[in-house]
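Student:
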Amino acid sequence: MSELSVNHLLGIKYLQKSDIDLIFNTADHFKEVINRPIKKVPSLRDITIANLFFENSTRTRLSFELAEKRLSADTINFSAASSSVKKGETLIDTVNNILSMKVDMVVMRHPNPGAGIFLSKHVKASIVNAGDGAHEHPTQALLDSYSIRERLGEVAGKNVVIVGDILHSRVALSNIFALKLQGANVKVCGPKTLIPKYIDSLGVEVETNLIKALEWCDVANMLRVQNERMDISYFPSTREYTQQFGLNKKILNSLNKEIIVMHPGPINRGVEITSDVADSDQAIILDQVQNGVAIRMAAIYLLASKIKQ
Amino acid sequence: MIIRIKKYLIFAFRTFISTQYMSQKVLLTAKEVQIILQRLACQLVENHSDFSNTVLIGIQPRGIFLLNRLQEILEKEYQIKDLKTGQLDITFYRDDFRRSDKPLEANKTKIDFVVEDKRVVFVDDVLYTGRSIRAALTAIQSFGRPKEIELLSFIDRRFSRHLPIQPDYNGRQVDAINEEKVKVNWMENEGEDIVYLISK
Chain H
2 MSELSVNHLL GIKYLQKSDI DLIFNTADHF KEVINRPIKK VPSLRDITIA NLFFENSTRT
62 RLSFELAEKR LSADTINFSA ASSSVKKGET LIDTVNNILS MKVDMVVMRH PNPGAGIFLS
122 KHVKASIVNA GDGAHEHPTQ ALLDSYSIRE RLGEVAGKNV VIVGDILHSR VALSNIFALK
182 LQGANVKVCG PKTLIPKYID SLGVEVETNL IKALEWCDVA NMLRVQNERM DISYFPSTRE
242 YTQQFGLNKK ILNSLNKEII VMHPGPINRG VEITSDVADS DQAIILDQVQ NGVAIRMAAI
302 YLLASKIKQ
Chain W
114 MIIRIKKYLI FAFRTFISTQ YMSQKVLLTA KEVQIILQRL ACQLVENHSD FSNTVLIGIQ
174 PRGIFLLNRL QEILEKEYQI KDLKTGQLDI TFYRDDFRRS DKPLEANKTK IDFVVEDKRV
234 VFVDDVLYTG RSIRAALTAI QSFGRPKEIE LLSFIDRRFS RHLPIQPDYN GRQVDAINEE
294 KVKVNWMENE GEDIVYLISK
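Residue numbers (this note's numbering), protein chains in the order written: chain H, 2 to 310; chain W, 114 to 313.
Right under this line is the structure:
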């Protein structure tokens, strides 16, 4: 197959296994492109992409913008903090105003779950979800799986544990969908208060002992505790969280095998992961960031190829 | 009743066969292909002697088979050592992105060197409209500024060009109309060296 089954990238939930394979194979080519002396291809020179960020972002915004520029697309950037959203404009109005300037694709991060899905039903443009509340963050999950595939050869059959704040994490949900779709075994590990109630329905096991989880896994994806999304206290103290769920070099060395450590960033050094782990050879955190550009180029390229002239 | 069904089945089968199989004519036999390969290799040696500053770039996907065959001859029969070759995919540089009905599928690019100040020879099996070569000319710039670029094509479908692009080394010129297709088959891929002219 050489075409995506979807017109928007709203979540991994809506993708098929063949879509993921196609995105990965295309990303392989783009990874070669971004390592050339001149890291740019002219494919999307007649496409304009609006990056709408209604929520803070560093990595994802830069990664998307770089991916778009490497594909020669024209980009416009928008952040809610400095816009008319503050004056009471609705989401559809904001986007339609931007689209009337002849924009073909919208990359959007929004604090409300389902914002991308809502938008895709009301505006005529290809929508890429760059994170919608605690719902999905598809490109992050794709780049995580791609990084596992790059390091371990394949994702199918691998044991992956996602550690930390599962409840508030869109990265966790998208990763679970992506990993299960590719045939990986997934466990989640974290304080019981930060594990969603219906996690079993996703076919995922819960492990509350970090050491046991790490001994089982090939890959540990360490997530940040999302304090900004917490309206109540989910665990007694950060210090206690670190003692139970923080990954340090001592734990890593005590395991009977060498596991891969991932982190979607931003890292809270000393909380979920110590500096010596984050900077070790087992951590592929910076590979994830580099792969992020290739994955986003692939996703945008494949979606753009469906926007017929 | 049975006879009518039988007649209908024969008719349906014939219609199926005629739509599935197109007529094809052999343009070049294995022996002719071999002779042309030898000549092209010889012409390359004539112009590039020891290939010290020359790189051969196969255009993906089907230029690679031709490149491999030429490389084999150059290394075995002309004792060319350290021949630099690469594979260039032009998918992301094509001018029919979003215009083509068929989705474009990318192939691998493998150029492990910088082409700055090198003499580059593009190698492709069929030169038709010239648009692939136009894309390749843009694509190669990502790897540096070559000293010069030449084009070697096994089959030149003359009078079909959309752009002012001509080969420097030419296997065989062919006059084919737009509905026809020229297919170059290689031993390592299709099991025999043969060139067909296929008409629908």
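All residues carry an ideal CB built from backbone N, CA and C; glycine is no exception.
Using only CA atoms, which one of W:Val239, W:Lys197, W:Leu276 and W:Asn160 lies nearest to W:Glu263?
Tutor: Sequence index remark: in the second sequence, residue 263 of chain W carries index 150 (1-based). Nearest option by C-alpha distance: W:Asn160.
Student: Under the rule that 16 or more other beta-carbon atoms within 10 Å means buried, what is H:Val172, buried or exposed?
Tutor: If you number the first sequence from 1, residue 172 of chain H lands on position 171. Under this definition H:Val172 is a buried residue.
Student: Based on Cα-Cα distance, which residue from H:Val272, H:Val156 and H:Val162 lies nearest to H:Asp227?
Tutor: Here residue 227 of chain H corresponds to residue number 226 of the first sequence, with the count starting at 1. Here residue 227 of chain H is Gln; the residue named in the question, Asp, does not match the sequence. Checked all of H:Val272, H:Val156 and H:Val162; the closest Cα to H:Gln227 is H:Val272.
Student: For W:Lys138, verify whether its CB is less than 8 Å away from any heavy atom of the ligand MN.
Tutor: Among the components modelled here there is no ligand, and therefore nothing to report on the ligand MN.
Student: Does the beta-carbon distance from W:Ile172 to W:Val236 come in below 9 Å?
Tutor: As a working mapping, residue 172 of chain W is identified with position 59 in the second sequence. As a working mapping, residue 236 of chain W is identified with position 123 in the second sequence. Yes, these two residues count as a Cβ contact at 9 Å.
Student: Below 8 Å, how does it come out for the segment 205 to 224 of chain H and the segment 156 to 163 of chain H: are there three or more Cβ pairs, yes or no?
Tutor: yes
Student: Cβ of W:Lys197 within 9 Å of Cβ of W:Thr167?
Tutor: Here residue 197 of chain W refers to the residue found at position 84 of the second sequence. Here residue 167 of chain W refers to the residue found at position 54 of the second sequence. W:Lys197 places its beta carbon less than 9 Å from that of W:Thr167.
Student: Can you say whether H:Ser127 is buried or exposed, counting buried as having 16 or more other CB atoms within 10 angstroms of its CB?
Tutor: Reading the first sequence from its first residue, position 126 is the one you call residue 127 of chain H. Buried is the call here.
Student: Indicate the three-state DSSP secondary structure (helix, strand or coil) for H:Phe54 in the structure shown.
Tutor: By one-based count along the first sequence, residue 54 of chain H stands at place 53. Residue state, collapsed to three classes: strand.
Student: Given H:Val124, which residues of its chain have a CB within under 8 Å of its CB, disregarding the five upstream and five downstream residues?
Tutor: On the first sequence, position 123 is the one that residue 124 of chain H refers to. Once the five neighbours on either side are set aside, the close Cβ partners of H:Val124 are Ile93, Val96, Asn97, Leu100 and Val107.
Student: Answer with yes or no whether the minimum CB distance from W:Pro216 to chain H is below 9 Å.
Tutor: Along the second sequence, one-based indexing puts residue 216 of chain W at 103. It does; some Cβ of chain H falls within 9 Å.
Student: If we define contact as Cβ-Cβ less than 9 Å, is H:Ser6 a contact residue for chain W?
Tutor: Working through the first sequence from its first residue, we reach residue 6 of chain H at position 5. No - not a single Cβ of chain W is within 9 Å of the one on H:Ser6.
Student: Between which two residues does the alpha helix (DSSP H) carrying H:Arg225 extend?
Tutor: Reading the first sequence from its first residue, position 224 is the one you call residue 225 of chain H. It is not in any alpha helix (DSSP H) - H:Arg225 carries neither H nor E in the DSSP assignment.
Student: Work out the CA separation of H:Ser281 and W:Gln254 for me, nearest whole Å.
Tutor: As a first step, residue 254 of chain W is located in the second sequence; it is residue number 141 there, counting from the start. As a first step, residue 281 of chain H is located in the first sequence; it is residue number 280 there, counting from the start. If you take the alpha carbons of W:Gln254 and H:Ser281, they lie about 37 Å apart.
Student: State buried or exposed for H:Ala299, treating a residue as buried only when at least 16 other CB atoms are found within 10 Å of its CB.
Tutor: Position 298 of the first sequence, counting from 1, holds the residue named residue 299 of chain H. Result: buried.
Student: Is any beta-carbon of chain H found at less than 9 Å from that of W:Ala252?
Tutor: Position 139 of the second sequence holds residue 252 of chain W. Chain H, which has a Cβ nearer than 9 Å to the Cβ of W:Ala252, makes this yes.
Student: Would H:Met102 be called buried (16 or more neighbouring beta carbons within 10 Å of its own) or exposed?
Tutor: Position 101 of the first sequence, counted from the start, is the residue given in the question as residue 102 of chain H. Burial call: exposed.
Student: Relative to the C-alpha of H:Leu45, which candidate in H:Asp75, H:Glu33, H:Pro38 and H:Thr27 has its C-alpha closest?
Tutor: Working through the first sequence from its first residue, we reach residue 45 of chain H at position 44. The shortest C-alpha separation from H:Leu45 is found at H:Asp75.
Student: Where do the ends of the alpha helix (DSSP H) carrying H:Ser64 lie?
Tutor: As a working mapping, residue 64 of chain H is identified with position 63 in the first sequence. That run of the alpha helix (DSSP H) goes Arg60 to Arg71.
Student: With DSSP collapsed to three states, give me the class of H:Phe79.
Tutor: For this step, residue 79 of chain H is matched to residue 78 along the first sequence. Assigned with DSSP and collapsed to three states, H:Phe79 falls in strand.
Student: Which bits of chain H does W:Thr222 rub up against, with CB to CB less than 8 Å?
Tutor: Locating residue 222 of chain W in the second sequence gives position 109, counting from the first residue. Under the 8 Å cutoff, chain H gives His30, Glu33 and Val34.
Student: So is W:Lys231 buried or exposed if we call it buried at 16+ other beta carbons inside 10 Å?
Tutor: The residue labelled residue 231 of chain W in the question sits at position 118 within the second sequence. Under this definition W:Lys231 is a buried residue.
Student: Taking C-beta pairs closer than 7 Å, name the residues in chain H that W:Asp209 reaches, listed in chain order.
Tutor: Here residue 209 of chain W refers to the residue found at position 96 of the second sequence. Within chain H, no residue comes near W:Asp209; the closest Cβ sits about 10 Å away, beyond 7 Å.
Student: For H:Leu303, I'd like the list of residues in its chain whose CB is within less than 8 Å of its CB, leaving aside the five on either flank, ordered along the chain.
Tutor: Position 302 of the first sequence, counting from 1, holds the residue named residue 303 of chain H. Cβ within range, chain order: Glu4, Leu5, Leu23, Ile24 and Thr27.
Student: On the CB-based measure, 16 or more other CB atoms within 10 Å of its CB, does W:Ser312 come out buried or exposed?
Tutor: Here residue 312 of chain W corresponds to residue number 199 of the second sequence, with the count starting at 1. That one is exposed.
Student: With a threshold of 8 Å, are at least 3 pairs of Cβ atoms found where one atom belongs to the segment 30 to 50 of chain H and the other to the segment 203 to 215 of chain H?
Tutor: They do not touch, by the three-pair rule.
Student: Quick one: give me the first and last residue of the alpha helix (DSSP H) that H:Met298 is part of.
Tutor: Numbered from 1 along the first sequence, position 297 holds the residue referred to as residue 298 of chain H. Where H:Met298 is concerned, the enclosing alpha helix (DSSP H) starts and stops at Ile286 to Ala305.
Student: Can you tell me which of the three DSSP states H:Asp201 falls into?
Tutor: The count along the first sequence starts at 1 and reaches residue 201 of chain H at position 200. Reduced to three states, the DSSP call for H:Asp201 is helix.
Student: Going by DSSP, which residues form a beta bridge with W:Ile268?
Tutor: Translated into the one-based positions of the second sequence, residue 268 of chain W becomes position 155. Answer is W:Val239 and W:Arg285.
Student: At a Cβ threshold of 9 Å, is H:Ile301 touching chain W?
Tutor: Mapped onto the first sequence, residue 301 of chain H falls at position 300. Interface annotation, H:Ile301: not in contact with chain W, CB-CB separation never under 9 Å.
Student: Indicate whether H:Leu144 and H:Gly293 have their beta-carbon atoms separated by less than 9 Å.
Tutor: Numbered from 1 along the first sequence, position 143 holds the residue referred to as residue 144 of chain H. Numbered from 1 along the first sequence, position 292 holds the residue referred to as residue 293 of chain H. In contact: H:Leu144 and H:Gly293 (Cβ atoms closer than 9 Å).
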